[in-house]
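Everything in the sequence shown is counted per my numbering, starting at 48 for the first residue and increasing by one. Don't be surprised by glycine CBs; every beta carbon is placed ideally from N, CA and C. Shown next, in structure tokens, is the structure this report addresses.
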Amino acid sequence: MKIAIILALAGLCTVAAAQSGEDNSGTFNVVPFQFDPAGSQLVAAEWRSGTGCPTSAPIAVYPSTSPTITYQEPGCPTGDDRDKAVEGLLLAKTGPTANNASAGALITGVRGITLTELGYDIRKPDAFVDPRGSHCGAGAPRFNVVTEDNVTHFVGCASPPPLQTSTGFWIRLRWTAAQAFPPITSSVRSISIVFDEGQDTAPDNFGLAVLDNIDINGNLVRRGPRGSEGK
Numbered sequence: 048m049k050i051a052i053i054l055a056l057a058g059l060c061t062v063a064a065a066q067s068g069e070d071n072s073g074t075f076n077v078v079p080f081q082f083d084p085a086g087s088q089l090v091a092a093e094w095r096s097g098t099g100c101p102t103s104a105p106i107a108v109y110p111s112t113s114p115t116i117t118y119q120e121p122g123c124p125t126g127d128d129r130d131k132a133v134e135g136l137l138l139a140k141t142g143p144t145a146n147n148a149s150a151g152a153l154i155t156g157v158r159g160i161t162l163t164e165l166g167y168d169i170r171k172p173d174a175f176v177d178p179r180g181s182h183c184g185a186g187a188p189r190f191n192v193v194t195e196d197n198v199t200h201f202v203g204c205a206s207p208p209p210l211q212t213s214t215g216f217w218i219r220l221r222w223t224a225a226q227a228f229p230p231i232t233s234s235v236r237s238i239s240i241v242f243d244e245g246q247d248t249a250p251d252n253f254g255l256a257v258l259d260n261i262d263i264n265g266n267l268v269r270r271g272p273r274g275s276e277g278k
């Protein structure tokens, strides 16, 4: 996906975030978008309730119909007690990578910051190289960071290799500004997450990823900028 297209969406996404009234991290919003100029209907991007990483989620152990215990996913040691709908950022590309279409999200409120850390939790067991679970490729889901010196920097899920800080049915991944390609040395103009690898991309051939707790300089965005169903 061309970065110019992402930047063209910035104004619309910022307006959507401002109108939503939703307070996520107090600083940043993560606003989903879909780029599909040919109308293939093969990409999707949305915050979806019931797909995120549960932290202290009440569950009813069968055969009970009332909450009996709370469930804490070890792969996401910190979460958001206000996220009652347990939202996750679903990004999908069905079909081939060659299709000129992508799913993604624009991160608002980042202009002018000095970037020190990027990351997210991804719904995938054990390790980022595991073929099970969400797609975690060299190119997707990736951060595209444009700096004020007009350079675009890339941080892919599997390239550069992330620092994995927790393990479970989800995993927590982190990168520094110095790990980006090329390394980030200037202040930020824009940041987006792009998912443009389809089902023909190994090792999982899944074409879908679910993310949560998007990390910008230690600030975690855990919910969407507009209300989800069930809220």
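Cβ neighbours of residue i in the same chain (closer than 6 Å, five flanking residues each side left out)
{"i": "V77", "result": "A152, I154, I261, V268"}
{"i": "E244", "result": "T144, G184, G186, A187"}
Alpha carbon of residue i to alpha carbon of residue j, nearest angstrom
{"i": "T61", "j": "S111", "result": "At T61, the pLDDT of 36 sits below 50, so the modelled position is not reliable; the number obtained from the coordinates is stated separately. If I take the Cα positions, the gap works out to 44 Å."}
{"i": "G99", "j": "D259", "result": "6 Å"}
{"i": "F253", "j": "F190", "result": "19 Å"}
{"i": "T144", "j": "L165", "result": "25 Å"}
{"i": "G203", "j": "L137", "result": "17 Å"}
{"i": "A104", "j": "R129", "result": "11 Å"}
{"i": "A107", "j": "V257", "result": "24 Å"}
{"i": "D196", "j": "S87", "result": "35 Å"}
{"i": "Q81", "j": "T214", "result": "30 Å"}
{"i": "S233", "j": "T194", "result": "6 Å"}
{"i": "G159", "j": "Y109", "result": "51 Å"}
{"i": "P121", "j": "P178", "result": "20 Å"}
{"i": "A92", "j": "A139", "result": "7 Å"}
{"i": "A150", "j": "S239", "result": "11 Å"}
{"i": "W94", "j": "A85", "result": "24 Å"}
{"i": "P172", "j": "T212", "result": "13 Å"}
{"i": "P79", "j": "C123", "result": "22 Å"}
{"i": "V192", "j": "D127", "result": "26 Å"}
Cβ shell of residue i (< 7 Å), same chain only, five flanking positions each side left out
{"i": "S72", "result": "With a pLDDT of only 43 at S72, under 50, the local geometry of the prediction cannot be trusted, and the value read off the model is given with reservation. Here the set comprises N266, L267, V268."}
{"i": "C224", "result": "Checking the sequence, you will find Ala at residue 224 rather than Cys. These residues qualify, in order along the chain: L162, T163, P230, I231."}
Cβ distance (whole Å) where residue i is taken to contact residue j below 8 Å
{"i": "S83", "j": "A148", "result": "As written in the sequence, residue 83 is Asp, which differs from the Ser given in the question. The Cβ separation is near 4 Å, so the contact holds."}
{"i": "T125", "j": "N264", "result": "At roughly 15 Å, the Cβ-Cβ gap does not stay under 8 Å, so T125 and N264 are not in contact."}
{"i": "T74", "j": "G156", "result": "5 Å"}
{"i": "H200", "j": "A227", "result": "4 Å"}
{"i": "Y167", "j": "L210", "result": "About 12 Å; that fails the 8 Å criterion."}
Among the options, the one whose alpha carbon lies nearest that of residue i
{"i": "V241", "options": "G184, S213, W222, L210", "result": "G184"}
{"i": "P207", "options": "V157, V176, R95", "result": "V176"}
{"i": "T248", "options": "V133, I160, A205, D127", "result": "A205"}
{"i": "G142", "options": "D127, V90, Q226", "result": "V90"}
{"i": "V198", "options": "E93, P79, R236", "result": "R236"}
{"i": "Q246", "options": "N146, W222, Q119", "result": "N146"}
Contact set for residue i: own chain, Cβ-Cβ below 8 Å, skip 5 residues either direction
{"i": "R170", "result": "T98, C100, G135, G180, S181, F216, W217, A256, V257, L258, D259"}
{"i": "T117", "result": "S103, A104, P105, I106"}
{"i": "T133", "result": "At residue 133 the sequence reads Val, which differs from the Thr that was named. For V133, where only same-chain residues beyond five positions count, the Cβ hits under 8 Å are S96, G97, T98, G99, C100, P101, A104."}
**Message:** Which complete beta strand (DSSP E) runs does the segment 184-267 hold, if anything under 3 residues is left out?
**Reply:** 189-194, 199-202, 210-214, 218-223, 235-242, 255-263
**Request:** Identify every run of the beta strand (DSSP E) within the segment 74-109, keeping only runs that are complete inside it and at least 3 residues long; order them along the chain.
**Result:** 76-82, 90-95, 104-106
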